[in-house]
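Colleague:
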Amino acid sequence: TATKDNARPPSTDDDTLVSVASERSLVDVNPPRGTRDFPPEDMRLRNWLFNNFREVSRLLSFEEVDFPVLESEALFIRKGGEEITQQAWAEIVMNELFSYCQLYNFEDKGGRRVVLRPEITPSLARLVIKQGKSVSLPLKWFTIGQCWRYERMTRGRRREHYQWNMDIIGLSKVRAEAELIHAIVLLFGRLGITSSDVGIRISSRKVLQAVLQLHSIPEHLFAEVCVIVDKMGKVSRDVIENELMTAGVSIEAIKGIIEVLSLKSLSKLEEVLGSEDEAVTDLKSLFLLAEHYGYIQWINFDASVVRGLAYYTGIVFEAFDREGKLRAICGGGRYDRLFSTFGSDDIPACGFGFGDAVIFELLKEKGLLPDLNRQVDDIVFLLDEELEGSALKIVSSLRQTGRSVDLIQDKRLKWVFKHAERINAERLILVGNSEWQRGMVRVKILATRDEFEVKMDELTAPS
Ligand SMILES: Nc1ccc(Br)nc1
42 TATKDNARPP STDDDTLVSV ASERSLVDVN PPRGTRDFPP EDMRLRNWLF
92 NNFREVSRLL SFEEVDFPVL ESEALFIRKG GEEITQQAWA EIVMNELFSY
142 CQLYNFEDKG GRRVVLRPEI TPSLARLVIK QGKSVSLPLK WFTIGQCWRY
192 ERMTRGRRRE HYQWNMDIIG LSKVRAEAEL IHAIVLLFGR LGITSSDVGI
242 RISSRKVLQA VLQLHSIPEH LFAEVCVIVD KMGKVSRDVI ENELMTAGVS
292 IEAIKGIIEV LSLKSLSKLE EVLGSEDEAV TDLKSLFLLA EHYGYIQWIN
342 FDASVVRGLA YYTGIVFEAF DREGKLRAIC GGGRYDRLFS TFGSDDIPAC
392 GFGFGDAVIF ELLKEKGLLP DLNRQVDDIV FLLDEELEGS ALKIVSSLRQ
442 TGRSVDLIQD KRLKWVFKHA ERINAERLIL VGNSEWQRGM VRVKILATRD
492 EFEVKMDELT APS
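To convert, take the position in the sequence shown, counting from 1, and add 41; that gives our numbering.
1) Quick check: residue 216 and residue 200, are their CB atoms within less than 9 Å of each other?
2) So the beta strand (DSSP E) residue 473 belongs to, where does it begin and stop?
3) Is any non-hydrogen atom of ligand 1 found closer than 8 Å to the C-beta of residue 159, if you look at the structure I gave you?
4) Please look up how many angstroms separate the CB atoms of residue 356 and residue 330, rounded, as I've assumed it's under 8 Å.
5) Grab me the residues of residue 288's own chain with a C-beta within less than 8 Å of its C-beta, minus the 5 sequence neighbours each way, in chain order.
6) Cβ of residue 374 within 8 Å of any heavy atom in ligand 3?
7) For residue 374, tell me which candidate among 69, 363, 395, 382 has the shortest Cα-Cα distance.
8) Do the CB positions of residue 361 and residue 90 come within less than 9 Å of each other?
9) Can you find the residues in the same chain that come closer than 7 Å, C-beta to C-beta, to residue 103, ignoring five residues on each side of it along the sequence?
10) Can you tell me whether residue 249 is buried or exposed, with buried defined as 16 or more other CB within 10 angstroms of its CB?
11) Let me know the secondary structure DSSP gives residue 124 once reduced to three states.
12) Taking Cβ to Cβ, would you say residue 344 is nearer than 9 Å to residue 257?
13) Mind checking residue 470: buried by the 16 CB within 10 Å criterion, or exposed?
14) Check the DSSP bridge columns for residue 396 and list the partner residues they point to.
15) Quick check on the burial criterion: 16 or more other C-beta atoms within 10 angstroms. Buried or exposed for residue 292?
16) Apart from the five residues just before and just after residue 476, which ones in its own chain have a Cβ nearer than 7 Å to its Cβ?
17) Is residue 89 near ligand 1, in the sense that its beta carbon is under 8 Å from a heavy atom of that ligand?
18) Taking the CB atoms as reference points, tell me whether residue 358 and residue 370 lie closer together than 9 Å.
19) Taking the runs of the beta strand (DSSP E) that are 3 residues or longer, which of them lie wholly in the stretch 414-441?
20) Exposed or buried, residue 488, counting other C-beta atoms within 10 Å across all chains shown (16 or more means buried)?
21) Return yes when the C-beta of residue 359 is under 8 Å from any heavy atom of ligand 1, and no when it is not.
22) Using three-state DSSP, classify residue 505 as helix, strand or coil.
23) Spatial neighbours of residue 107 within its chain, please: CB distance less than 8 Å, with the 5 preceding and 5 following residues excluded, ordered by chain position.
24) Between which residues of its own chain and residue 387 is the CB-CB distance below 7 Å, once the five residues before and five after are set aside?
25) How big is the Cα-Cα spacing for residue 70 and residue 77?
26) With DSSP as the reference, label residue 82 as helix, strand or coil.
27) Would you report the Cα separation of residue 65 and residue 73, rounded to the nearest angstrom?
28) With DSSP as the reference, label residue 288 as helix, strand or coil.
29) Can you name, in chain order, every residue of its own chain whose Cβ lies under 6 Å from the Cβ of residue 236, other than the five neighbours on each side?
30) In its own chain, which residues sit with a C-beta less than 7 Å from the C-beta of residue 48, not counting the 5 before and 5 after it?
31) Counting only runs of 3+ residues fully inside the stretch 284-355, write out the beta strand (DSSP E) ranges in chain order.
Here it is in structure tokens:
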């Protein structure tokens, strides 16, 4: 063990910030309400999750894209120009725009109406339209981005989260949805989650459409009925029935809607809607593809799945924890009429969003959170100040070979040994006169506690 103590003037070894009483008033060190900081230990977990998102995106040969968090409000308000923040879902018919009860919108200094985006897909559609003929379809794009909502303070809920989005633009057949579901299944597999922990409920907006047509319910009620039936399984049947009645749906139609949307069997759905119905043919094709992919055990038909975005037009899906303790883990669907709401020709599209909140609750629940420690290859510590130049040459050459180096200064040796253990360093390299006079430096391998002297250029040689 090195015998020298460093010549640093005495100071507290304990480096926690010592607050000193003073008349200075401390700034509020908390982030704005509903937002989060990511200190290193949280950032390691976030990067671990996001790296898995990226790896799955690579496996499906999706290209990464990105957009501003700040968007024009026009992307999220209905054609008539009325702001939708105060509007209930119900007033937005299916092929209108989005239903964000808590849009984080404001006016910037130039008087422009802007928002912190509530979700990614509209920005993605905007870029596809902007790119126009310069991109060839289909596009397979992914991004990981922060999304916002303006939650009332009282509810104390988060105002931001990160979402992994995967979208396929330009494919009209359900094989696109089958690809997206494969991505979700691969992601869960990488995190150690099995089909016993999580299932993926699948349905189609066309199921509800067929039922409404069966009962000659006018199209303009579609979105409102979606809002109401989206609560199936969350509120009592009476509440659903009363709300549907209030919306002007007949008793007979209500019974038909609830009966069909309670179906969990595709063959039963076929009996009700007939084998030629598009919802039936789409779903049967998707389940056949799932057999071929080998993920059939992850999915099940559930007619009550509606999903919360107004613009879905076909297959919709959401992943859920089979114990039913958590909110949906991710969700998505087909949106074939989104582009025309932006004044463009329609382009068939589907996608999903996968948030960074519920997945961590599930991983915690299942004991699957990884133990991610800081990793450093080498610590270089200067024992004698006059050797600083030589030490920096060593640091520089190590880094040029790709080794991460934590250069420690102004510390006692005792602290350095503790620090090396703490950050899982592979080697501790001590630069001191007694060895340097012989052209050597002292190396300690933390894992084996072996200690030896080596020449400087032996340090960068492969160990
Ligand atoms: N759309 C949205 C945005 C932000 C959060 Br937190 N949750 C949902």
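We put the beta carbon where it would ideally sit given N, CA and C, even for glycine. None of the values given here were measured: they were computed from a predicted structure.
Modeller: In brief:
1) Taking the first residue of the sequence shown as 1, we reach residue 216 at position 175. Taking the first residue of the sequence shown as 1, we reach residue 200 at position 159. Not in contact: residue 216 and residue 200 (Cβ atoms no closer than 9 Å).
2) Taking the sequence shown and counting its residues from 1, one reaches residue 473 at position 432. Counting along the chain, residue 473 falls outside any beta strand (DSSP E), and DSSP gives it neither H nor E.
3) Numbered from 1 along the sequence shown, position 118 holds the residue referred to as residue 159. Answer for residue 159: yes, Cβ within range of ligand 1.
4) Position 315 of the sequence shown holds residue 356. Position 289 of the sequence shown holds residue 330. With 8 Å as the limit, residue 356 and residue 330 do not qualify as a contact, their Cβ atoms being about 11 Å apart.
5) For the purposes of this step, residue 288 is identified with residue 247 of the sequence shown, where counting begins at 1. Closer than 8 Å at Cβ, skipping near neighbours: 131, 262, 265, 266, 269.
6) For ligand 3, the structure offers nothing, since it holds only ligand 1.
7) Working through the sequence shown from its first residue, we reach residue 374 at position 333. Nearest of 69, 363, 395, 382 to residue 374, Cα basis: 395.
8) Here residue 361 refers to the residue found at position 320 of the sequence shown. Here residue 90 refers to the residue found at position 49 of the sequence shown. No.
9) Here the question's residue 103 lines up with position 62 in the sequence shown. Within the same chain, residue 103 has close Cβ partners 181, 182, 183, 207.
10) Within the sequence shown, residue 249 is the residue found at index 208, counting from 1. By the neighbour-count rule (16 or more Cβ atoms within 10 Å), residue 249 is buried.
11) One-based indexing of the sequence shown puts residue 124 at position 83. Any answer about residue 124 is weak, because its pLDDT of 39 lies below 50 and its placement is not dependable; what the coordinates show is given next. Coil at residue 124, not helix or strand.
12) One-based indexing of the sequence shown puts residue 344 at position 303. One-based indexing of the sequence shown puts residue 257 at position 216. No, the pair does not count as a contact, with Cβ atoms beyond the cut-off.
13) Residue 470 sits at position 429 when you count from the first residue of the sequence shown. So residue 470 ends up on the buried side.
14) The count along the sequence shown starts at 1 and reaches residue 396 at position 355. For residue 396, which the question treats as bridged, DSSP gives the partners 204.
15) Translated into the one-based positions of the sequence shown, residue 292 becomes position 251. Classification of residue 292: exposed, given that the 10 Å Cβ count is below 16.
16) Stepping through the sequence shown from its first residue, residue 476 is reached at position 435. Correct list, in chain order: 482, 483, 494.
17) For the purposes of this step, residue 89 is identified with residue 48 of the sequence shown, where counting begins at 1. Residue 89 Cβ: outside cutoff for every heavy atom of ligand 1.
18) Walking along the sequence shown from the start, residue 358 turns up at place 317. Walking along the sequence shown from the start, residue 370 turns up at place 329. No, these two residues do not count as a Cβ contact at 9 Å.
19) 417-423
20) Position 447 of the sequence shown, counting from 1, holds the residue named residue 488. The residue in question, residue 488, is exposed, as its Cβ has fewer than 16 Cβ neighbours within 10 Å.
21) Taking the first residue of the sequence shown as position 1, residue 359 is located at position 318. It does not: the Cβ of residue 359 is nowhere closer than 8 Å to a heavy atom of ligand 1.
22) Beyond the ends of the chain as shown, which are 42 and 504, falls residue 505; an answer cannot be given.
23) Taking the first residue of the sequence shown as position 1, residue 107 is located at position 66. Hits under 8 Å: 184, 186.
24) Residue 387 sits at position 346 when you count from the first residue of the sequence shown. Taken in chain order, the residues that qualify are 377, 378, 380, 381.
25) Stepping through the sequence shown from its first residue, residue 70 is reached at position 29. Stepping through the sequence shown from its first residue, residue 77 is reached at position 36. Their backbone Cα atoms lie some 12 Å apart in a straight line.
26) For the purposes of this step, residue 82 is taken as residue 41 along the sequence shown, with counting starting at 1. Helix.
27) By one-based count along the sequence shown, residue 65 stands at place 24. By one-based count along the sequence shown, residue 73 stands at place 32. Distance between the alpha carbons of residue 65 and residue 73 is about 21 Å.
28) Residue mapping note: residue 288 aligns to position 247 of the sequence shown, counting from 1. Coil.
29) The sequence position of residue 236 within the sequence shown is 195, counting from 1. The residues are 338, 339.
30) Reading the sequence shown from its first residue, position 7 is the one you call residue 48. Low local confidence applies: a pLDDT of 45 at residue 48 is under 50, so the model's placement there is unreliable, with the coordinate-based value given in what follows. Within the same chain, residue 48 has close Cβ partners 426.
31) 340-342
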